[in-house]
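**Student:** In the order they appear, the protein sequences are chains A and B. Numbering-wise, the first sequence is residues 1 to 355 according to our numbering. Numbering-wise, the second sequence is residues 1 to 105 according to our numbering.
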Amino acid sequence: MKSYFASYLISHGADPAESTILIFDKNLSIGYRNDAGVNEMESWLIKDVDAVFDLPTQQTKITNRKKSGSVIFIPGKEALVYINELQAEQQKAWHKRKGGKEWVRNFLLLIGILGLLFLLYLLIVPWLSEKMASKVSVKTEQQLGDAVYSSMNLDQQEDAAATAVLNEFFRTMKVPTAYDIRITVVNDNVVNAFALPGGRIVVYTALLKQIKTYPELAALLSHEFTHINNKHSTKSIFRRLGSKVFISLLFGRFGSVSSVLINHADDLRSLTYSRRLEKEADTEGLAILTQRKINPDGFVSLFTHLKEAAPADMLPEFLGSHPDIDKRIAYIKEASREAAVEEDAQLKAIFEKLK
Amino acid sequence: MLITTTSAVDGRPVQEYLGVINAQSIIGANIFKDIFAGLRDVFGGRSKTYERVLEEAKEDALRELSQKAQAMGANGILGVDLDFETIGSGGSMLMVIATGTAVRL
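1) Which residue comes first and which comes last in the beta strand (DSSP E) that contains A/PRO75?
2) With DSSP collapsed to three states, give me the class of A/LEU45.
3) Can you give me, in chain order, the residues of the region 17-28 of chain A that have a beta carbon less than 9 Å from any beta carbon in chain B?
4) With a threshold of 9 Å between beta carbons, is B/GLU51 in contact with chain A?
5) Tell me which same chain residues have a C-beta within less than 8 Å of the C-beta of B/ASP34, skipping the five on either side of it?
6) Going by DSSP, what residues sit across from A/ALA6 in a beta bridge?
7) I need the straight-line Cα distance from A/ARG275 to A/ILE183, nearest angstrom please.
8) Which stretch, first to last residue, makes up the beta strand (DSSP E) that contains A/PHE303?
9) Can you find a C-beta in chain B that's less than 9 Å from the C-beta of A/ARG33?
10) Look at the alpha carbon of A/LEU249 and the alpha carbon of B/GLY38, and state the distance between them as a whole number of angstroms.
11) If we call anything under 9 Å between Cβ atoms a contact, is A/SER134 one with A/LYS244?
12) What's the C-alpha gap between A/GLN58 and B/LYS58?
13) Mind checking A/ARG328: buried by the 16 CB within 10 Å criterion, or exposed?
14) Which of the three DSSP states, helix, strand or coil, is assigned to A/ILE201?
15) Please report the residue range of the beta strand (DSSP E) in which A/GLY145 lies.
16) In angstroms with no decimal places, state the Cα-to-Cα distance between B/ALA98 and A/ALA147.
17) When you compare the CB positions of A/SER356 and A/ILE30, do they come within less than 9 Å of one another, or not?
18) Cutting at 7 Å between CB atoms, please list the residues of its own chain near A/GLY383, excluding the five before and the five after it.
19) Under the three-state reduction of DSSP, which class applies to A/ARG239: helix, strand or coil?
20) From the DSSP output, which residues share a beta bridge with A/THR184?
21) Using a C-beta cutoff of 9 Å, does B/GLY38 count as contacting chain A?
22) Check each candidate in A/LYS131, A/PHE24, A/ILE124, A/LEU217 and name the one with the smallest Cα separation from A/ILE360.
23) Find the nearest neighbour of B/GLN67 within the set A/SER19, A/ASP35, A/THR60, judged by alpha-carbon distance.
24) If we call anything under 9 Å between Cβ atoms a contact, is A/ILE46 one with A/LEU86?
25) Give every residue of the same chain whose Cβ lies closer than 7 Å to the Cβ of A/ILE72, excluding the five residues on either side of it in the sequence, and list them in chain order.
26) Can you find at least 3 beta carbon pairs, one from the region 151-167 of chain A and one from the region 112-131 of chain A, that sit closer than 8 Å?
27) For A/ALA340, count neighbouring Cβ atoms within 10 angstroms of its own Cβ and tell me buried if that reaches 16, exposed if not.
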């Protein structure tokens, strides 16, 4: 914006009125006092305006094509130059206008930086977090798992007899590991089992009651064992932490609406990761079974129990922490097609003690 | 239109005081500029993006101030003062208030 003192002739032959002219990008406004002493305002579009330099008076003369007879006189040449600049600017295509090129460049730069950040978020941060997770010692994991375990107060509901049997069962499977695997059976009507970092596996009695054969139990334990042995919980914790720190660095001062959006997007992504870990636990658990010639159908019937226990209106897969059960059954069947099966009398005998 | 921060103009005595006028402009930097500025905050250095936003808000406020003055029949604004304030949750928006006295010189 520029402003000038000028004299304004409203119509041909009228007395010049002292006025102030404000020139904006698209229009100019004229403020003056009319003959009656009342303030008046007028606005002319820059594109309707003709500006010429009047040599004898050394003034810029501005006329409006839409309003003949009205003339503005501004001393000096500066206003003429400015109006010509504005008019030239308006003639240009939008992307060539002042700031237009810069706008395009900024946009590309923005896309580039966002892409880079997204890549950082998708690849580097998880990679770094997993690296850090794998550096966590077994002892630290044990402390972490024990802290979680004791905070859950599961000891009171422990089924000591079943606990002893399951621990014996797992020891007999002779799975090599750096972890001290401690299995606890807890009285509860939830059909579930879970692993804590550092070697604790918790199995609920409701699930145990549904298990009819020893391969199912072996499948359950080897699945949970893989979670522990591959540090899945620790990796998840570090990944969550890593991406949370990264996101709060980037979007720290965001309004609540966007932070809710971003957090939920991040949650969905971590669920994808969780499903990947579950699949890993399934396939590596299956490998433990096949190496010991235990019937891999144990997984299939285990999943069937889980499916029966699940409510009918299950969440769609992309909202769940575990892969869809039918898919799990399918890939287990696919992977175990040629597995050799042999009855393990010892494991079977231990399993029978549960009854 | 003469816009000045001084209370008088040399050689041009005030003929008429038309009153105090003020104008404000509130500008959100926009999400992407916030990201850039956030990065600047992490790595240090001048945040040109925020500086430009500030400049833009100041221009807007002054433009509005001159329009108001012009509507009152003034040809000058004396004692102009610019105030900068952050508003909005998290202080993500910027407010510029321009105050001055509209006069006829």
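Every residue gets a Cβ at the ideal spot worked out from N, C-alpha and C, and that includes glycine. None of these values were measured; they are calculated from a predicted model.
**Tutor:** Judging by the given coordinates:
1) Locating residue 75 of chain A in the first sequence gives position 75, where the first residue counts as 1. Here the beta strand (DSSP E) through A/PRO75 covers 67-75.
2) Along the first sequence, read from residue 1 onward, the residue named residue 45 of chain A stands at position 45. Residue state, collapsed to three classes: strand.
3) GLU18, SER19, THR20, ILE21, LEU22, PHE24
4) On the second sequence, residue 51 of chain B is found 51 positions in, with the first residue counted as 1. So, not an interface residue.
5) Working through the second sequence from its first residue, we reach residue 34 of chain B at position 34. Closer than 8 Å at the Cβ level, and outside the excluded window around B/ASP34, lie SER92.
6) To locate residue 6 of chain A, count along the first sequence from 1; it is residue 6. A/SER19.
7) Translated into the one-based positions of the first sequence, residue 275 of chain A becomes position 275. Translated into the one-based positions of the first sequence, residue 183 of chain A becomes position 183. Using only the alpha carbons, I get a separation of about 23 Å.
8) Working through the first sequence from its first residue, we reach residue 303 of chain A at position 303. That residue, A/PHE303, is in no beta strand (DSSP E); its alpha helix (DSSP H) goes 297-309.
9) Translated into positions along the first sequence, residue 33 of chain A becomes position 33. A/ARG33 counts as touching chain B.
10) By one-based count along the first sequence, residue 249 of chain A stands at place 249. By one-based count along the second sequence, residue 38 of chain B stands at place 38. Those two C-alpha atoms are separated by around 8 Å.
11) The count along the first sequence starts at 1 and reaches residue 134 of chain A at position 134. The count along the first sequence starts at 1 and reaches residue 244 of chain A at position 244. No.
12) Taking the first residue of the first sequence as position 1, residue 58 of chain A is located at position 58. Taking the first residue of the second sequence as position 1, residue 58 of chain B is located at position 58. Going from the Cα of A/GLN58 to the Cα of B/LYS58 covers about 33 Å.
13) Along the first sequence, read from residue 1 onward, the residue named residue 328 of chain A stands at position 328. With 16 or more Cβ atoms within 10 Å of its Cβ, A/ARG328 is classed as buried.
14) Stepping through the first sequence from its first residue, residue 201 of chain A is reached at position 201. Residue state, collapsed to three classes: strand.
15) For the purposes of this step, residue 145 of chain A is taken as residue 145 along the first sequence, with counting starting at 1. First-last for A/GLY145: 138-151, but that is the alpha helix (DSSP H), not the beta strand (DSSP E).
16) Here residue 98 of chain B refers to the residue found at position 98 when the second sequence is read from its first residue. Here residue 147 of chain A refers to the residue found at position 147 when the first sequence is read from its first residue. Cα to Cα, B/ALA98 sits roughly 59 Å from A/ALA147.
17) This structure leaves residue 356 of chain A out entirely; chain A is present only between 1 and 355.
18) It is not possible to answer for residue 383 of chain A, since the shown part of chain A is limited to 1 through 355.
19) As a working note, residue 239 of chain A is residue 239 in the first sequence. Note: A/ARG239 maps to helix in three-state DSSP.
20) Looking up residue 184 of chain A in the first sequence gives position 184. DSSP output for A/THR184 lists A/VAL202 as bridge partner(s).
21) On the second sequence, residue 38 of chain B is found 38 positions in, with the first residue counted as 1. For B/GLY38, the answer is yes, since a Cβ of chain A falls inside 9 Å of its Cβ.
22) Look at the range of chain A in this structure, 1 to 355, and you will see that residue 360 of chain A is not part of it.
23) If you number the second sequence from 1, residue 67 of chain B lands on position 67. Nearest of A/SER19, A/ASP35, A/THR60 to B/GLN67, Cα basis: A/SER19.
24) Taking the first sequence and counting its residues from 1, one reaches residue 46 of chain A at position 46. Taking the first sequence and counting its residues from 1, one reaches residue 86 of chain A at position 86. Yes, these two residues count as a Cβ contact at 9 Å.
25) For the purposes of this step, residue 72 of chain A is taken as residue 72 along the first sequence, with counting starting at 1. Within the same chain, and ignoring the five residues on either side of A/ILE72 in sequence, the residues whose Cβ sits closer than 7 Å to its Cβ are ALA6, TYR8, ILE21, ILE30, ILE62.
26) The region 151-167 of chain A, when compared against the region 112-131 of chain A, does not touch it at the 8 Å Cβ threshold.
27) Counting from one through the first sequence, the residue named residue 340 of chain A turns up at place 340. By the beta-carbon neighbour count (other beta carbons within 10 angstroms, threshold 16), A/ALA340 is exposed.
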